[in-house]
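> In short: position in the sequence shown from 1, add 19, done, that's the working numbering.
Even for Gly, the Cβ is constructed at its ideal location relative to N, Cα and C.
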Amino acid sequence: MVTNAVSRISGQVRSTSAVGSIMPGKMLRTRLAARMHEHLPSQVSVAELVHVCAATEMIHTASLCHDDVIDEATARRAQPTLWCATTPSYAILIGDLLLCEAMSTIAQVRQGQHIVPLLTKVKEVCATEAEQELVLRHRRLDIPTCLRVARGKTGPLFAFVAQACGGTDRELSSALEESGYRIGTAYQLADDLLDMSGLDEILGKTLGTDAQRGKLTLPHSVKHGTDEACTQIRQQLESALECLTPWAAARRALTAYLRSDLQAAVQGRITLWQSDIDLGLAV
20 MVTNAVSRIS
30 GQVRSTSAVG
40 SIMPGKMLRT
50 RLAARMHEHL
60 PSQVSVAELV
70 HVCAATEMIH
80 TASLCHDDVI
90 DEATARRAQP
100 TLWCATTPSY
110 AILIGDLLLC
120 EAMSTIAQVR
130 QGQHIVPLLT
140 KVKEVCATEA
150 EQELVLRHRR
160 LDIPTCLRVA
170 RGKTGPLFAF
180 VAQACGGTDR
190 ELSSALEESG
200 YRIGTAYQLA
210 DDLLDMSGLD
220 EILGKTLGTD
230 AQRGKLTLPH
240 SVKHGTDEAC
250 TQIRQQLESA
260 LECLTPWAAA
270 RRALTAYLRS
280 DLQAAVQGRI
290 TLWQSDIDLG
300 LAV
């Protein structure tokens, strides 16, 4: 559904040759939903989750279109970024169209009840990105502020998908939402570490843009920042599991997700700085 949306939208503006860098990647948010549904099949239908995940991935893709323009990043997924392959205005407009497509998609299920929660999460992402770009640049931040920014940038979309997996069980949905926030925070911290690696050619994406543009993330901001980031990643993932302690099936689902889906992505970023770190994923 996401691939079709990207292709259709790019076709509308008569160019499909430059969108390779924004086609679906690891789809970690969708994988989280798949793991949850595997263990909690009665909470929400497959059809509903498909629309939830598709809308979320479209919004994530739109954010990549916009972020690459802001950061002047030239490579993503070993291909030129969309704005480099076309123009900045093209990338911004494709991102805008994807945002509209996402809202149209999410409106098709549960009488549109997901629209306001999704808009709330998107607003949180945009507000945090704006704060980091317009207010916090060139400032050395303390640990709580770094964690708040990481949570606000990447946590909301993980939280939205996770919350939806709880269906009409409000207590479970709330716990899943908070767990999703912590997963997203950990992943953003890992990405902040990756940005410092300088391995652009090997990893196929433009790195180092945070420091170049004065966006001082946790690894840059505090003494022994890389070690602190690794510690915080582990703590965020451990606490994500703790959120689900009262629900054995949900905890098993998250454990499977962390071990089989997220760990490889996070570990690959961490091992640039620390080897064989214990991510705290024991049941």
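According to DSSP, simplified to helix, strand and coil, what is Q98?
By 1-based counting over the sequence shown, the position of residue 98 is 79. Q98: strand per DSSP, three-state reduction.
> Please classify M77: is it buried, with 16 or more other beta-carbons within 10 angstroms of its beta-carbon, or exposed?
Translated into the one-based positions of the sequence shown, residue 77 becomes position 58. Burial call: buried.
> With C-beta atoms as the reference, is C184 less than 8 Å away from Q62?
Walking along the sequence shown from the start, residue 184 turns up at place 165. Walking along the sequence shown from the start, residue 62 turns up at place 43. Yes, the Cβ-Cβ distance between C184 and Q62 is below 8 Å.
> Going by DSSP in three states, M46 sits in which element: helix, strand or coil?
As a first step, residue 46 must be located in the sequence shown, where it is residue number 27. M46: coil per DSSP, three-state reduction.
> Let me know the alpha helix (DSSP H) ranges lying completely inside the segment 114 to 153, each 4 residues or longer, listed in chain order.
Here the runs fully enclosed are 134 to 153.
> Under the assumption that T139 contacts T173 (Cβ atoms under 8 Å), give the Cβ distance between them as a whole number of angstroms.
To locate residue 139, count along the sequence shown from 1; it is residue 120. To locate residue 173, count along the sequence shown from 1; it is residue 154. That belief does not hold up - the Cβ atoms of T139 and T173 are roughly 16 Å apart, past 8 Å.
> Expressed to the nearest angstrom, what Euclidean distance is found between the alpha-carbon atoms of R278 and V285?
Taking the sequence shown and counting its residues from 1, the one referred to as residue 278 is at position 259. Taking the sequence shown and counting its residues from 1, the one referred to as residue 285 is at position 266. If I take the Cα positions, the gap works out to 10 Å.
> On a Cα-Cα basis, can you pick out the residue from R167, S108, T80, R159 that is closest to Q251?
Taking the sequence shown and counting its residues from 1, one reaches residue 251 at position 232. Closest by alpha carbon: R167.
> Are G171 and V144 closer than 8 Å when you measure CB to CB?
For the purposes of this step, residue 171 is identified with residue 152 of the sequence shown, where counting begins at 1. For the purposes of this step, residue 144 is identified with residue 125 of the sequence shown, where counting begins at 1. Yes; because the gap between Cβ atoms is below 8 Å, this pair is in contact.
> Name the two residues that bound the continuous alpha helix (DSSP H) containing H243.
For the purposes of this step, residue 243 is taken as the residue at position 224 of the sequence shown. Careful: H243 lies outside any alpha helix (DSSP H) and carries neither H nor E.
> Determine the DSSP secondary structure at A284, reduced to helix, strand or coil.
Within the sequence shown, residue 284 is the residue found at index 265, counting from 1. A284 falls in the helix class under three-state DSSP.
> Excluding five sequence neighbours on each side, which residues of the same chain lie with their C-beta closer than 7 Å to the C-beta of P238?
Within the sequence shown, the letter at position 219 stands for residue 238. Within the same chain, P238 has close Cβ partners D211, L212, M215, G244, T245, A248.
> Could you give the residue range of the alpha helix (DSSP H) that holds D214?
Working through the sequence shown from its first residue, we reach residue 214 at position 195. D214 -> alpha helix (DSSP H) spans 189 to 214.
> Quick check: what's the CA-CA separation for H56 versus R48?
If you number the sequence shown from 1, residue 56 lands on position 37. If you number the sequence shown from 1, residue 48 lands on position 29. The alpha-carbon atoms of H56 and R48 are separated by roughly 13 Å.
> Does DSSP put E91 in a helix, a strand or coil?
What you label residue 91 is simply residue 72 of the sequence shown in a count that begins at 1. In this structure, E91 counts as coil in the three-state DSSP scheme.
> Measure from the alpha carbon of Y206 to the alpha carbon of each residue in F179, R253, L235, then state which is nearest.
As a first step, residue 206 must be located in the sequence shown, where it is residue number 187. Out of F179, R253, L235, R253 has the C-alpha closest to the C-alpha of Y206.
> Exposed or buried, which one is R158 when buried takes at least 16 other CB atoms within 10 Å?
Residue 158 sits at position 139 when you count from the first residue of the sequence shown. It counts as exposed.
> Once DSSP output is grouped into helix, strand and coil, what is the label at P163?
Along the sequence shown, one-based indexing puts residue 163 at 144. Three-state result, P163: helix.
> Kindly indicate which residue of C72, E152, G131 has the alpha-carbon position closest to the one of V88.
As a working mapping, residue 88 is identified with position 69 in the sequence shown. The candidate whose alpha carbon is nearest that of V88 is E152.
> Could you pull out every residue in the same chain whose Cβ sits closer than 7 Å to the Cβ of H85, ignoring the five residues on either side in sequence?
Mapped onto the sequence shown, residue 85 falls at position 66. Correct list, in chain order: I111, G114.
> With DSSP collapsed to three states, give me the class of S64.
In the sequence shown, the residue the question calls residue 64 occupies position 45. Coil at S64, not helix or strand.
> What is the DSSP secondary structure of K234, reduced to helix, strand or coil?
As a position in the sequence shown, residue 234 is number 215, starting the count at 1. The answer is coil: DSSP assigns K234 none of H, G, I, E or B.
> Would the beta-carbon of D280 fall within 8 Å of that of R54?
Residue 280 sits at position 261 when you count from the first residue of the sequence shown. Residue 54 sits at position 35 when you count from the first residue of the sequence shown. Yes.
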